[in-house]
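Just below is one structure, and these are the notes that go with it.
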Amino acid sequence: MNPSRFVRDNALSLFFFTLFVLALAGQSVAGFLRTNEDLVQHGMPEQGYLSFLFSSDFVVDVAENWQSEFLQFLLFIAATVWLVQRGSPESKKPGDEGVGTDEDQKVGPYAPPDAAAWARASGWRRVVYENSLVIVMGAIFVLSWLMQSLSGTVVMNQENAEHGEAPMSWAEYIVSPEFWDRTLQNWQSEFLAVGTMVAFSIFLRQRSSAEAKPVGAPHTESAEASQ
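Residue numbers (our numbering): 152 to 378.
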């Protein structure tokens, strides 16, 4: 494959994955420096970089953000099957709610020759494939949430030990105010971001963006109707 063509055809994914790696690396360095500043202030030995990367402090911060992001997409993907917002390019047209027909979705006997094999299949394979995006997003959310809660339990118990308090079990931690304060801080911002994107895109434009309607499209028209 031609490398330049590969980059052009996958530029959007490559752009955001590159930003992700750079941001994660930056977070790890900043967190490492901040942690060692705190250790020095408390008269404790500094922590090595690799040790910090595998520490519960770093893992809980990363997982906390991941789970909220994937929850956002999980709910948005599922909600847009049944819920609509007139005029938003993030929504189907009013009247198009629901899962659609096999012909609309090009599955089973309506699948084109180059469709994925499971789109032409029947039974459980097609059910899994036609819901695969929600399944994968949901799995990543659950795993991230579990990673956050387990790491958070370790961090909480480290703080409890420093203050001479009794350790907390995982079951106790996930119903604690500490856990839900951290969790809901992330969730509310994700829900706000999605809601504003859906609403703002009714009235605001960005020329040639796939996430916006054509500049001259009426506010009440969906992107689908205006194409």
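Note that CB positions come from ideal geometry on N, CA and C, so glycine has one too.
DSSP state of residue i, grouped into three classes?
i, result
"SER360", "coil"
"LEU234", "coil"
"THR252", "coil"
"GLU323", "helix"
"GLU167", "The question names Glu, yet the displayed sequence has Phe at residue 167. PHE167: helix per DSSP, three-state reduction."
"MET216", "The displayed chain sequence assigns Asn, not Met, to residue 216. Three-state DSSP puts ASN216 in a helix."
"LEU366", "A small fix is needed here, since residue 366 is Val in this sequence, not Leu. VAL366 falls in the coil class under three-state DSSP."
"PHE205", "coil"
"ALA270", "helix"
"ASP160", "helix"
"MET298", "helix"
"LEU355", "coil"
"ASN187", "helix"
"GLU316", "coil"
"MET195", "coil"
"THR371", "coil"
"ASN153", "coil"
"GLU310", "helix"
"GLU241", "coil"
For residue i, I'd like the list of residues in its chain whose CB is within less than 8 Å of its CB, leaving aside the five on either flank, ordered along the chain.
i, result
"LYS257", "PRO263, ALA266, ALA270"
"VAL191", "GLU197"
"THR231", "GLU241, SER242, LYS243"
"GLU341", "SER219, GLU220, LEU222, GLN223"
"GLU248", "VAL232, TRP233, LEU234, VAL235"
Mark residue i as exposed unless 16 or more other C-beta atoms lie within 10 angstroms of its C-beta, in which case mark it buried.
i, result
"PHE292", "buried"
"GLN223", "buried"
"ALA214", "buried"
"TRP233", "exposed"
"TYR324", "buried"
"PHE330", "buried"
"GLY303", "buried"
"PHE205", "exposed"
"SER155", "exposed"
"THR334", "buried"
Note down, in chain order, each residue of its chain lying with its Cβ closer than 7 Å to the Cβ of residue i, except the 5 sequence neighbours on either side.
i, result
"TRP275", "none"
"ASN187", "GLU197, GLN198"
"ALA376", "Residue confidence for ALA376 is low, a pLDDT of 43 falling below 50, so the modelled location carries little weight; the figure read from the coordinates is stated next. So the qualifying residues of the chain are LYS244."
"ASN311", "ALA317, PRO318, MET319"
"ALA229", "VAL285"
"ALA363", "PRO240, SER352, ARG356, GLN357"
"ASN337", "GLU215, ASN216, SER219"
My understanding is that residue i touches residue j, with C-beta atoms under 8 Å, so please give their C-beta distance in whole angstroms.
i, j, result
"GLN299", "VAL158", "So it is not a contact: roughly 34 Å between Cβ atoms."
"SER273", "GLY259", "6 Å"
"PHE203", "GLY177", "Contact flag wrong, Cβ pair sits at about 14 Å."
"ARG356", "VAL345", "At roughly 19 Å, the Cβ-Cβ gap does not stay under 8 Å, so ARG356 and VAL345 are not in contact."
To which residues of the same chain is residue i closer than 6 Å at the C-beta, ignoring the five residues directly before and after it?
i, result
"GLU254", "TYR261"
"LEU163", "none"
"GLN236", "SER242, VAL349"
"TRP296", "GLN218"
"THR347", "none"
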